[in-house]
Amino acid sequence: MSTNTVRSANDDYGDITPVDLPKRTLGTGPAALEVSAIGLGCMGFTMSWPPFLPHDESIRVIRAAYGMGERFFDTAEVYGPFANEELVGEALEPFRDDVVIATKFGFALHGGFGGSEGEAQLDSSGRVQQTDSRPETIRKAVEGSLKRLRTDHIDLYYQHRVDTKVPIEDVADVMGELMAEGKILHWGLSEAAPATVRRAHAVTPVTAVQNEYSMWWRKPEEELIPTLEELGIGLVPFSPLGKAMLAGRFTASTRFAADDYRSRIPRFSPDHMAHNIAMGDYVESLARAKGVAPAQIALGWLLARKPWIAPIPGTKHVDRLRQNLGGAAVTFTSDELAAIDRTLDSITIEGARYQPTQEALTNH
């Protein structure tokens, strides 16, 4: 880590004291990639979580994350589309050699499905619904991402959603070619079925799978996590704070504005919030017992699951950046973890995590 680089980040934001943030390794052998134990999910800077910060303020928050010790930043071409990569590229350009940048391809943003460049195919909720992982589209996508990110290589390149029209072996072949060309260094998949991960890994070794995983979405424990452990692949949980349900900021009467993504998620609907708040209340009780913040409990719990898990909570607030990074210092005894698991098993969650059109794109 460059002391001069950290100081420039501090000067840009103010007094940002680095956090002693440990490292974790995703993948094994030639596919191994070292990242900070907690990364920054950047989607919320440009989509899903209004109100959005002014551009310059977003730059300063991302640089503050770097100044505090985060070295793992997650974006995607679809976030905007394109605007998020441009933001992340600008923010991290002064520190490019000292960070890991992950981005994603795989949604229909490049024409070929009845739309022109940048015209995503949307569902009724404004979410991209068509996938496109044809080799020619991937090659076009990677060039665009490299330009927007202001870099000559992408550290970790995910297929954002599996394209059932394109064999995963063909996608893995292209990833191997891009790695040989030096345009990407590692690759991964997002929300992919364990069988698909296995097939992809057999062609070009996979470094990481990105998947929703948290105290209130534990489905990956059934098949995905055992598969990743067997194959030596890392897990990068998104929404590790349950879209803030686990951060201690909601009550049974919390309602979301129409432009807030959560207003369209069934488990956050008024009908379900009164029931589901039990999960948030439980995490708050754990936090009080340990004298930490609820978000730190949720992140510490994830880090305790496996040594090859590196969550990427998102935030646009510097105080929450520091709070989230503090999750790496939260520890649990084996008895505490067992007791937590028993309680989590007893708490039922009402409502789906996605709308049907969104869920239909997962687990292929």
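Those letters in the sequence shown? Residues 37 to 400, by the working numbering.
The C-beta atom is built at its ideal place from N, Cα and C for all residues, glycine as well.
Note that the structure is predicted; figures quoted are calculated from it, not measured.
Check: Residue range of the unbroken beta strand (DSSP E) whose run includes residue 275; Outcome: Element bounds for residue 275: n/a, residue is neither H nor E.
Check: Beta-carbon proximity of residue 182 to residue 111, cut-off 9 Å; Outcome: no
Check: Cβ-based burial, residue 125 [other Cβ within 10 Å; buried from 16]; Outcome: buried
Check: Integer Cβ distance of residue 339 from residue 360, believed to fall under 8 Å; Outcome: Not quite, the Cβ-Cβ distance comes to about 12 Å (not below 8 Å), so this is no contact.
Check: Residue closest to residue 296, alpha-carbon to alpha-carbon, out of 106, 83, 261; Outcome: 83
Check: Residue 368, DSSP secondary structure in three states; Outcome: coil
Check: Under 9 Å between C-beta atoms of residue 319 and residue 302; Outcome: no
Check: Environment of residue 129 [buried if 16+ CB atoms lie within 10 Å]; Outcome: exposed
Check: Secondary structure of residue 226, DSSP reduced to three states; Outcome: strand
Check: Option nearest residue 311 by Cα separation, candidates 300, 288, 323; Outcome: 288
Check: Whether residue 212 touches residue 239 by CB criterion (9 Å); Outcome: yes
Check: Closest residue to residue 266 among 255, 275, 252, 244 (Cα-Cα distance); Outcome: 244
Check: DSSP-derived helix/strand/coil call for residue 173; Outcome: helix
Check: CA-to-CA distance, residue 166 to residue 160, given in whole angstroms; Outcome: Low confidence applies here, because residue 160 scores a pLDDT of 44, under 50, leaving its location unreliable; read the following figure in that light. Straight-line Cα distance between these residues: approximately 13 Å.
Check: Reference residue 194; option with closest CA among 221, 217, 187, 172; Outcome: 221
Check: Candidates 144, 89, 347, 387: closest to residue 275 by CA position; Outcome: 347
Check: Between the CA atoms of residue 350 and residue 384 - distance to the nearest angstrom; Outcome: 25 Å
Check: Segment contact flag, the stretch 69-85 with the stretch 250-268, C-beta cutoff 8 Å, min 3 pairs; Outcome: no
Check: Status (buried if at least 16 other CB within 10 Å, exposed otherwise) for residue 367; Outcome: exposed
Check: Identified DSSP bridge partners for residue 69; Outcome: 62
Check: Residue 96 versus residue 76: straight-line alpha-carbon distance, rounded; Outcome: 14 Å
Check: Residue 251 versus 54, 86, 376, residue with shortest Cα-Cα distance; Outcome: 376
Check: Residues near residue 314 in its chain [Cβ-Cβ closer than 8 Å; skip 5 each side]; Outcome: 383
Check: Sub-9 Å separation of residue 121 and residue 115 beta-carbons; Outcome: yes
Check: Residue range of the unbroken alpha helix (DSSP H) whose run includes residue 263; Outcome: 260-267
Check: Residue 237 in three-state terms, based on DSSP; Outcome: helix
Check: CB-CB length for residue 233 against residue 263, believed under 8 Å; Outcome: 6 Å
Check: Residue 399 (DSSP reduced to helix, strand or coil); Outcome: coil
Check: Counterpart residues of residue 305 in DSSP-defined beta bridges; Outcome: None; residue 305 has no bridge partner.
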